[in-house]
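Engineer: Protein sequence lines correspond, in order, to chains Z and A. So the numbering used here is basically just the index in the first sequence, starting at one, shifted up by 905. So the numbering used here is basically just the index in the second sequence, starting at one, shifted up by 905. All C-beta atoms, glycine included, are put in the ideal place defined by N, C-alpha and C. All values derive from a computational prediction rather than experimental measurement. Sending over a structure as structure tokens; questions will come in a sec.
2 protein chains.
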Amino acid sequence: MKTAVELTQLFRNTGRKVTAQRLCVWRLLEGNTSHPSAEVLFEEARRELETISLRTVYQVLRELEELGECMSLDLGTGASRFDPNVDAAHHHLVCTSCGKVRDLYADFPSVEAPKTGLDGFQVGSAEIVFRGTCAECKSNAGLNGSTRPKALVS
Amino acid sequence: MKTAVELTQLFRNTGRKVTAQRLCVWRLLEGNTSHPSAEVLFEEARRELETISLRTVYQVLRELEELGECMSLDLGTGASRFDPNVDAAHHHLVCTSCGKVRDLYADFPSVEAPKTGLDGFQVGSAEIVFRGTCAECKSNAGLNGSTRPKALVS
DNA sequence: TATTAGTTAACAATTATTGTTAAAAGTTAA
DNA sequence: TTAACTTTTAACAATAATTGTTAACTAATA
């Protein structure tokens, strides 16, 4: 994702306005590797800008997606997760207990769809999702039942 | 997934009843590689059993999942897709234009999460999702606009 | 055939997300 | 600074997928 500063340029140049709400969400996403949902971003945004609405957060996320500055990920955790890292190829680790998502920067050169047997299917991208248990959920296991399992394996 | 015949045994042995509805959905899933959604299964089931309800289809799918006989996949196509193939490791090709899902039986031995740098995350499984365009959508491209793009890249 | 489980209809409810409207407020170019 | 234009907000409604609920009915099994 472009920086908030770069986005400011871009928006002004294209007749869009740089509002406090946009700036707030942009800044929250900049360098963010936590893969927040819209709701989570909304809660964070509200701390800085008490009057921001969830509706607006969705709008800002949508427009970032349309600009190719942000990706929404469907990882089976209930809500879409937003990832500002659209440049570096990477994969994801998803905790099946708490829904936490972590980036995995590893190159899997062998992950390429075979050329044959695809029935003409033209492959553009490959995403790997690793599922498992994060450190916290592992230590919480057995006792209580972990930190609010909002989503399972999907 | 076990065959309808095996499931019949299992259900009888565990005090559950083998109803026409269960049998119908089981049979529709047996060997099914089309990754149908609940709705699609419902429509197919209704051809054989006009009175079956969508509610029941969801129930039957749920119980198959709980028995580990079926997987629900969240591939960013809107609705969950059901896959009776829970035994053989395989991956998926998803058409970003029409949502079609195809199995890919290919071994990617290198796809293993690294041991280090995971911050204690314990990885259990890896799924690869290849996205692209299926043969039909490729030939339909340019003219009309393809067969109802219900879902995009997610 | 009796018992028990399952199905159906007919809803309500939920969650995530987008659409809508009008009024109010903010941003920007000039 | 102002005028023009864009955004935001509130306050809903709406959608789609899915699950919960109830009661009446029907069907499966021992």
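Threshold first: 4 residues or longer. Then list the alpha helix (DSSP H) segments lying entirely within the stretch 955-983 of chain Z, N to C.
Structural biologist: Correct list: 959-971.
Engineer: Verify the CB distance criterion: does residue 1055 of chain A have a CB-CB separation below 7 Å to chain Z?
Structural biologist: For residue 1055 of chain A, the predicted model reports a pLDDT of 37, less than 50, meaning its position is unreliable; a value from the coordinates is still stated below. With 7 Å as the cut-off, residue 1055 of chain A does not count as an interface residue toward chain Z.
Engineer: Since residue 997 of chain Z and residue 1007 of chain Z are thought to touch, with beta carbons under 8 Å apart, how far apart are those beta carbons, to the nearest angstrom?
Structural biologist: The pair is a contact, with the Cβ atoms about 7 Å apart (cut-off 8 Å).
Engineer: By alpha-carbon positions, which one of Z:984, Z:925, Z:970 ends up nearest to residue 951 of chain Z?
Structural biologist: Selected option, being the one with the closest Cα: Z:925.
Engineer: Could you tell me whether the Cβ atoms of residue 1034 of chain A and residue 1018 of chain A are closer together than 7 Å?
Structural biologist: The answer is no: Cβ separation not under 7 Å.
Engineer: Taking only three categories from DSSP, how would you classify residue 1003 of chain A?
Structural biologist: DSSP places residue 1003 of chain A in coil when its eight states are reduced to three.
Engineer: Output the boundary residues of the beta strand (DSSP E) element that contains residue 986 of chain Z.
Structural biologist: Run containing residue 986 of chain Z: 986-988, per the beta strand (DSSP E) assignment.
Engineer: The alpha helix (DSSP H) that contains residue 913 of chain Z, what's its start and end?
Structural biologist: 909-918 is the extent of the alpha helix (DSSP H) around residue 913 of chain Z.
Engineer: At a CB-CB cut-off below 9 Å, which residues of chain A make contact with residue 1015 of chain Z?
Structural biologist: By Cβ distance, chain A contributes 1013, 1014, 1015, 1016.
Engineer: Looking only at DSSP bridge pairs, what is residue 1038 of chain A linked to?
Structural biologist: Residue 1038 of chain A pairs with Z:1027.
Engineer: Which residues does DSSP pair with residue 853 of chain A in a beta bridge?
Structural biologist: Residue 853 of chain A lies beyond the range of chain A shown here (906 to 1059); nothing can be said about it.
Engineer: At 9 Å on the CB atoms, spell out the chain Z contacts of residue 1034 of chain A, in chain order.
Structural biologist: Residues of chain Z passing the Cβ test: 1030, 1031, 1032, 1033, 1034.
Engineer: So, is residue 988 of chain Z buried or exposed, given that buried needs 16 or more other C-beta atoms within 10 angstroms?
Structural biologist: It is buried - the Cβ of residue 988 of chain Z has at least 16 other Cβ atoms within 10 Å.
Engineer: DSSP has residue 1032 of chain A in a bridge; who is on the other side?
Structural biologist: Beta-bridge pairing links residue 1032 of chain A to Z:1034.
Engineer: DSSP on residue 1044 of chain A, reduced to helix/strand/coil?
Structural biologist: Reduced to three states, the DSSP call for residue 1044 of chain A is helix.
Engineer: What are the boundary residues of the alpha helix (DSSP H) that residue 943 of chain A is part of?
Structural biologist: Looking at the DSSP string, the run of the alpha helix (DSSP H) that includes residue 943 of chain A is 943-953.
Engineer: Compare the Cα-Cα distances from residue 1045 of chain A to each of A:967, A:1002, A:946, A:960 and report the closest residue.
Structural biologist: For the residues A:967, A:1002, A:946, A:960, the minimum Cα distance to residue 1045 of chain A belongs to A:1002.
Engineer: Can you check whether the C-beta of residue 933 of chain Z is within less than 7 Å of a C-beta belonging to chain A?
Structural biologist: It does not: the Cβ of residue 933 of chain Z has no partner Cβ on chain A nearer than 7 Å.
Engineer: Going straight from the alpha carbon of residue 928 of chain A to that of residue 985 of chain A, what length do you get?
Structural biologist: Spanning the two alpha carbons is a distance of roughly 21 Å.
Engineer: For residue 1015 of chain A versus residue 1013 of chain Z, is the C-beta spacing smaller than 7 Å?
Structural biologist: Yes, Cβ-Cβ distance for residue 1015 of chain A and residue 1013 of chain Z is below 7 Å.
Engineer: Check each candidate in A:1021, A:1010, A:1025, A:1024 and name the one with the smallest Cα separation from residue 1020 of chain Z.
Structural biologist: Per the Cα distances, A:1010.
Engineer: In chain order, what residues of the stretch 964-982 of chain A put their CB closer than 9 Å to some CB of chain Z?
Structural biologist: Those residues of the stretch 964-982 of chain A that come within reach of chain Z (Cβ to Cβ, closer than 9 Å) are 976, 977, 978, 979, 980, 981, 982.
Engineer: From residue 969 of chain A to residue 954 of chain A, what does the alpha carbon distance come to, in whole angstroms?
Structural biologist: Between residue 969 of chain A and residue 954 of chain A, the C-alpha separation is close to 19 Å.
Engineer: By the 10 Å Cβ neighbour count, where 16 or more other Cβ atoms means buried, how is residue 977 of chain A classified, buried or exposed?
Structural biologist: Answer is buried; the Cβ neighbour count reaches 16.
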